[in-house]
Structures are given as structure tokens and as C-alpha cells.
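Student:
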Amino acid sequence: MIRVLLADDQALIRGGFRALLDAEDDLEVVAEAANGEQAVALALEHRPDVVLVDIQMPVMDGIEATRRIAADERLSGTHVVILTNYGLDEYVVDAMRAGAGGFLVKDTEPADLLQGVRVAARGDALLSPAITRRLIGEYVARRPGPAAEGLEVLTNREREVVALVARGLSNDEIAAHMVISPTTAKTHVSRAMTKLRARDRAQLVVFAYESGLVTPRRGGMGADH
Numbered sequence: 001m002i003r004v005l006l007a008d009d010q011a012l013i014r015g016g017f018r019a020l021l022d023a024e025d026d027l028e029v030v031a032e033a034a035n036g037e038q039a040v041a042l043a044l045e046h047r048p049d050v051v052l053v054d055i056q057m058p059v060m061d062g063i064e065a066t067r068r069i070a071a072d073e074r075l076s077g078t079h080v081v082i083l084t085n086y087g088l089d090e091y092v093v094d095a096m097r098a099g100a101g102g103f104l105v106k107d108t109e110p111a112d113l114l115q116g117v118r119v120a121a122r123g124d125a126l127l128s129p130a131i132t133r134r135l136i137g138e139y140v141a142r143r144p145g146p147a148a149e150g151l152e153v154l155t156n157r158e159r160e161v162v163a164l165v166a167r168g169l170s171n172d173e174i175a176a177h178m179v180i181s182p183t184t185a186k187t188h189v190s191r192a193m194t195k196l197r198a199r200d201r202a203q204l205v206v207f208a209y210e211s212g213l214v215t216p217r218r219g220g221m222g223a224d225h
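Counting in UniProt numbering, the final residue of the sequence shown is number 225, and the numbers go up one at a time with none missing.
1. Can Y91 and I69 be called in contact, C-beta distance under 8 Å?
2. Measure the C-alpha to C-alpha separation of E73 and A120 and round it to an integer number of angstroms.
3. Assuming L44 contacts A7 (C-beta within less than 8 Å), just tell me the rounded distance between them.
4. Just list the beta strand (DSSP E) runs in the UniProt domain "HTH luxR-type" (147-212), keeping only unbroken ones of 3 residues or longer that don't cross its boundaries, in chain order.
5. Would you report the Cα separation of R59 and E32, rounded to the nearest angstrom?
6. Going by the DSSP bridge assignment, what does V80 pair with across the sheet?
7. Can you list, in chain order, the stretches of the beta strand (DSSP E) that have 3 or more residues and sit fully within the UniProt domain "Response regulatory" (3-121)?
8. With the cut-off set at 8 Å, would you say A41 and T66 are in Cβ contact?
9. Comparing alpha-carbon positions, which option in S181, R199, R157, M178 lies nearest V80?
10. Could you tell me whether the Cβ of D72 comes closer than 8 Å to any Cβ of chain C?
11. So H46 and V30 are supposed to be a Cβ contact under 8 Å. How far apart are they, rounded?
12. Taking its Cβ as the centre, do 16 or more other Cβ atoms sit within 10 Å of P48, making it buried, or is it exposed?
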């Protein structure tokens, strides 16, 4: 059973999500929060697998709530998914840097939302290749800064794998690209995450761009160095 915490200041939105999620045999809504502060407290109380967090909430916004949940070692098994009305808005990258594992647009198809929750519960990033390139491309263009450290701890193989993750490839796609088994690809990804202290694949994506391992090209396409 995948346990879910809903955090949104609109009761109607929460009610809709609860009805959708609770109708599934493998999903259960364990609590609802109307603001970020409640979300953090309820996450600690219930230790959910997934927290669906609205970005704009009173008392404490979704980005700060995400940051606190992601930073708490007691919640290492909890994955945050950002809910947004606008798709790729200015807050999404901030939320990912704070520790969110991906995001969903509120008007997404019900089947996609349910699948998204299941994917997040596994610890996989909720980012399609197109969204990844556009998201990080905009981030890099908007906020150029000092390169992230950490490349030196990765082997050449691990660097290649992280670059492919940043391009939005799944473990199976990475395996096919590198002509290795899916299990080996997963091992490389896991080792890179451990070395870089990344909570999930989304943070590997951010790292890849911040370190210069991958750079955005015109049109938001990613290319590894």
C-alpha cells in the first residue's frame, strides 16, 4: 500500500485528489494539510511514501515545506511531488533544488496522476525528457552560478550515466544506450546518487547541469560533454 499525504490550501482540490487516490487498491490518503507547516508536521506523524505538495500555500509555502521534509533524516523514505497549476512555472526548479522528486500539473489526466504517484513512491523522478531539458535549460539560463562540486568522486562510467539521466533516460534506455544490462545501469545510477548524496534522480538532473556535465543547447536540448 502506497501511503499519500495531500498538501493544498484548497479543500475542493484535496477532496478531488483524495477521492481519486482512495479509489485505488494500492493507494491510501493518510492525511491532508492546508498549509506547508501542517504538511511538515503530518509528514513526521504519518511517514507517508509520497507527499503531494501545492507550491503556493499560506503560513509556509510548498518550497519551504519540501525543503524541510527533504532535509529530515526521519523522512528519508518520503518522496515529494509538487502540484502546480501552470506547468513549468518559476517555482518548479526551486522546489526541485529543495528536494522535490518531480512535479505534476493539477489538470493532468487522472490515470497520469495515479501513475505519477506510483512512480514517485519508487523513488524515480517524475520528469519526461522534454520537460527535463526545458526545465533545466531555463534554470541554467536564468541563474548561472558557480559549478557544483562532486564530479571528481564519479567514475567515467558514472558520469556518463548521470548525463543520460539528465537527458531524461530511464534505466532501461540507459542500458540500451550503453549496451549494458538494466541491472548494471541501475547499479551505476544508485552509486552515483550515493556518492553525490542525491535523494532521487531529479537531484541528479540538477547536479548534471550545475556541474557542467550537461549543458543546455539552443531550444533547451541537453548535450553531455
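No residue lacks a Cβ here, since even glycine has one placed at the ideal position from N, Cα and C.
Tutor: Considering the structure as presented:
1. When the beta-carbon positions are compared, Y91 and I69 stay at least 8 Å from each other.
2. Rounded to whole angstroms, E73 to A120 spans 18 Å at the Cα level.
3. That pair is no contact at about 13 Å.
4. Those beta strand (DSSP E) runs which fall completely within the UniProt domain "HTH luxR-type" (147-212) and span 3+ residues do not exist here.
5. Reading off the sequence shown, one finds Val at residue 59, where the question assumed Arg. Cα to Cα, V59 sits roughly 15 Å from E32.
6. As DSSP reads the structure, V80 sits in a beta bridge with V51.
7. DSSP runs (the beta strand (DSSP E)) wholly in the UniProt domain "Response regulatory" (3-121): 27-33, 50-54, 79-84, 103-105.
8. Result no, Cβ atoms of A41 and T66 do not sit closer than 8 Å.
9. Minimum Cα-Cα distance from V80 among the listed residues S181, R199, R157, M178 corresponds to R199.
10. Going by chain labels, chain C is absent from the structure shown, which holds only one protein chain.
11. Confirmed, Cβ separation roughly 5 Å.
12. Classification for P48: buried.
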